[in-house]
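The block underneath contains the structure these notes are about, expressed in structure tokens.
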Amino acid sequence: MNQPQAQPARSGRLKLVLIMLVFLAPIVAAGILTLTGWQPTGKGNGQPILPQRSFEGVRVDVGGKPWAWRDIEPRLTLVVLPGPGCAAECLKTLGLVRNARIVLNRNADRLRLLYIGAAPASTDAQAVMSDYALGIEPANTFAPFRPSTPDTVAVVLVESNATALAWYPAGFDPNGLRKDLQKVIR
């Protein structure tokens, strides 16, 4: 009579071991990945700025006053750097960058647009440039990020603590920038 009960006990133990393995397997896999040095990568469209740098000490004059990298409330800054001779293509990109900010809806106030350089001179520029703060940077710290190709724009995304997050070189996809902004600003 005892023999029929041995079979259910054995299958119960087997089920218990299988359940333990289901919960233990991810922990073991995570440990192996950590020991091998694997790090997950994001699928951002911008290029990471390595080594990370802070722009807190960089002076940018906007309307005669220094730009406050650390604002009263946490807000990111999108630093827009035009190449030489900002004309039609440059203005088109500036408009798309502005639209990427507008698409943030209620979070649009959490992103500031800072244009560093000579303002575009065309008549169409005033409508686009109304959302940008125009700045001058005497130390030329952003020179490595500024494009050298005429009629282009590069963008640097700066965190609210003045740390540079990503760089979007000339020819970047404004739609990719919009997607990245929607991930970062919530």
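The numbers in the numbering used here rise by one with no breaks, and the one at position 155 of the sequence shown is 468.
By construction, the Cβ of each residue, glycine as well, lies at the ideal position given by its N, Cα and C atoms.
Which residues does DSSP list as the beta-bridge partners of Ile345? In the DSSP output, where bridge partners are listed per residue, Ile345 has none listed.
Quick check on DSSP: helix, strand or coil for Pro339? In the three-state scheme derived from DSSP, where H, G and I count as helix and E and B as strand, Pro339 is classed as helix.
For Gln360, name the three-state secondary structure that DSSP assigns. strand
Would you tell me roughly how many angstroms separate the C-alpha atoms of Gly357 and Gly489, rounded to the nearest one? 8 Å
How many angstroms separate the CA atom of Lys496 from the CA atom of Asp444? 22 Å
By the three-class DSSP mapping on this structure, what secondary structure does Pro487 have? Three-state result, Pro487: helix.
Based on Cα-Cα distance, which residue from Ala400, Ala421 and Arg326 lies nearest to Asp437? Ala400
Using three-state DSSP, classify Thr390 as helix, strand or coil. strand
Buried or exposed for Pro395, going by 16 or more other Cβ atoms inside 10 Å? buried
Of all the options Asn453, Thr454, Tyr481 and Pro457, which has the alpha carbon lying nearest to the alpha carbon of Val466? The shortest C-alpha separation from Val466 is found at Tyr481.
Just to confirm, is the Cβ distance from Ala479 to Glu369 under 7 Å? no
Counting C-beta neighbours from all protein chains within 10 Å, is the total for Thr349 16 or more, i.e. buried, or is it exposed? exposed
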